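**Student:** Take this structure first; my questions come after.
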Amino acid sequence: MSPSQNKSAMQDPIPQWQASSLTQVEYCKAHDIKPHIFSYYKKQFSSATSSVKQSSQLVPVKLVTEDTLIGSRLSAGLSVIK
Numbered sequence: 000m001s002p003s004q005n006k007s008a009m010q011d012p013i014p015q016w017q018a019s020s021l022t023q024v025e026y027c028k029a030h031d032i033k034p035h036i037f038s039y040y041k042k043q044f045s046s047a048t049s050s051v052k053q054s055s056q057l058v059p060v061k062l063v064t065e066d067t068l069i070g071s072r073l074s075a076g077l078s079v080i081k
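Counting in numbering that gives the first Met the number 0, the sequence shown runs from 0 upward without gaps.
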C-alpha cells in the first residue's frame, strides 16, 4: 500500500478508535492494523489539526485614525508637526 493509500485508509479508524473503549493496541489487533502505522498517522492527523487550531485564533484589533492619533499626542503633551 502506498503512503497516500495508507493515509486515506487511516482517516476512518482513528476517530472510530477514539469513540471505542479499546486501547490503541487492542483496536489495532481487532482491525488487523500494525500499531506503528496507526501511531504514525494518529500523530500526523493530530499535529495537522492542532496547527489549524493555533492559526485560527482571533486577535484583538484597535483601529486608530489620524484624528485619534493626533488627539492622543496632544493629550500627552506632544506637539503635532505637519
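C-beta: ideal position from N, C-alpha, C; glycine also.
These numbers come from a predicted model, not from an experiment.
When the Cα atoms are used, what is the spatial distance from Lys6 to Val63?
**Tutor:** Translated into positions along the sequence shown, residue 6 becomes position 7. Translated into positions along the sequence shown, residue 63 becomes position 64. Cα to Cα, the separation comes out at about 47 angstroms.
**Student:** Rounded to the nearest angstrom, what separates Tyr40 and Asp66 at their Cα positions?
**Tutor:** Residue 40 sits at position 41 when you count from the first residue of the sequence shown. Residue 66 sits at position 67 when you count from the first residue of the sequence shown. Near 54 angstroms, if we compare the C-alpha coordinates of Asp66 and Tyr40.
**Student:** Closer than 8 angstroms by C-beta to Leu21: which residues in its own chain qualify, once you throw out the five before and the five after it? Chain order, please.
**Tutor:** What you label residue 21 is simply residue 22 of the sequence shown in a count that begins at 1. Ala29, listed in sequence order.
**Student:** Using C-beta distances below 8 angstroms, list every residue in its chain close to Gln23, excluding the 5 sequence neighbours before and after it, in chain order.
**Tutor:** As a first step, residue 23 must be located in the sequence shown, where it is residue number 24. Cβ neighbours of Gln23 beyond the five flanking positions: Trp16, Pro34, Phe37, Ser38 and Lys41.
**Student:** Comparing alpha-carbon positions, which option in Pro14, Met9 and Ser45 lies nearest Asp31?
**Tutor:** As a working mapping, residue 31 is identified with position 32 in the sequence shown. For the residues Pro14, Met9 and Ser45, the minimum Cα distance to Asp31 belongs to Met9.
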